[in-house]
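**Q** Once you've had a glance at the structure underneath, I'll fire off some questions.
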Amino acid sequence: SKYFKINAMEKKIFDGYQFNDELMEFDNCTFNKSDFSNFDFSTFEFTECTFNSCDFSMACLTNTVLSGVNFINCKLLGVDFSRCSKFAYSVKFENCILDYCSFIRNNLGKVIFRNTSIREATFSETNLSSASFTNCDLERTVFEKCNLEGCDFTTASNYHIDPSANKVRKARFSYPGLLGLLTCYGIIIE
């Protein structure tokens, strides 16, 4: 298979781009309004790239390198981020849909989720220390055995987090969202 590399010194912008099945590496690139749904990104590398208004629904990210990658206004339904390469893994999500995604054993310390739907997603054994969930909908999202120390949930909604099953020291919550910490105890709050 051929190897296609965009020079890191060149900033390329791709509109409506379609990948082929070749191994590819992209540095400092921007992808706009592209449909990558169901595409197999196995072994692709993205460094300091931005995706604007792209559809990644059900895309395969096995061993995909995501280093300094920003997703803006993207749809990422059912993506399994736990399969990504752990090498230099760093992402940011703004105005995205991350419903039904999996983040099992990911290192997402200091990650920013802003104005994003993260419904019915799974965070298990995930490091989310100092992460920010600004204006995020976390309805039916599972947090299990996660490091949530220093996380900011002050403007997040619909979360249910069991403090006895996660590290929550110095995590920030606000009322009425704070009630999402008590649902696991089956108590009635009036």
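The opening position of the sequence shown corresponds to residue 6 in the numbering used here, with each subsequent residue numbered one higher. In this text, a Cβ means the ideal position worked out from N, Cα and C, and glycines have one as well. It should be emphasised that the depicted structure is a prediction, and the values quoted were computed from it without experimental measurement.
Do Cys79 and Phe61 come within 8 Å of each other at the CB atom, strictly closer than that value?
**A** yes
**Q** Would Asp20 be called buried (16 or more neighbouring beta carbons within 10 Å of its own) or exposed?
**A** So Asp20 ends up on the exposed side.
**Q** State the DSSP-derived secondary structure class of Phe46, mapped to helix, strand or coil.
**A** coil
**Q** Grouping DSSP H, G and I as helix and E and B as strand, with all else coil, what is Glu15?
**A** In this prediction, Glu15 scores a pLDDT of 45, lower than 50, which makes its location untrustworthy; no coordinate-derived value is stated.
**Q** In or out: Glu130 buried (at least 16 other Cβ within 10 Å) or exposed?
**A** exposed
**Q** Going by C-alpha to C-alpha distance, which of Thr35, Glu125, Leu113, Ala64 sits closest to Phe51?
**A** Thr35
**Q** In whole angstroms, what separates the C-alpha of Phe148 from that of Thr159?
**A** So the alpha carbons of these two residues sit roughly 16 Å apart.
**Q** Just the C-alpha distance for Asn100 and Leu113, rounded to the nearest angstrom, thanks.
**A** Distance between the alpha carbons of Asn100 and Leu113 is about 18 Å.
**Q** Does Phe56 come out as helix, strand or coil in the three-state DSSP assignment?
**A** strand
**Q** With respect to the beta strand (DSSP E) encompassing Asn75, which residues constitute its N-terminal and C-terminal limits?
**A** 70-77
**Q** Cutting at 6 Å between CB atoms, please list the residues of its own chain near Ser257, excluding the five before and the five after it.
**A** Because the chain is modelled from 6 through 195, residue 257 falls outside the range shown and cannot be assessed.
**Q** With H, G and I counted as helix, E and B as strand and the rest as coil, what does DSSP make of Arg145?
**A** coil
**Q** Give the range of the beta strand (DSSP E) segment to which Glu99 is assigned.
**A** 95-99
**Q** For Phe98, which residues in the same chain have their Cβ closer than 6 Å to its Cβ, ignoring the five residues on either side in sequence?
**A** Excluding residues within five positions, the ones whose Cβ falls inside 6 Å are Phe76, Phe118, Thr121.
**Q** What separation, rounded to the nearest whole angstrom, lies between the Cα atoms of Lys150 and Val96?
**A** 21 Å
**Q** What is the residue span of the beta strand (DSSP E) that Arg119 lies within?
**A** 117-119
**Q** Return helix, strand or coil for Arg177, following the three-state DSSP convention.
**A** strand
**Q** Tell me which same chain residues have a C-beta within less than 8 Å of the C-beta of Thr69, skipping the five on either side of it?
**A** Phe46, Ser47, Thr48, Phe49, Glu50, Phe51, Arg88, Cys89, Ser90
**Q** Is the beta carbon of Cys106 less than 8 Å from the beta carbon of Gly83?
**A** yes
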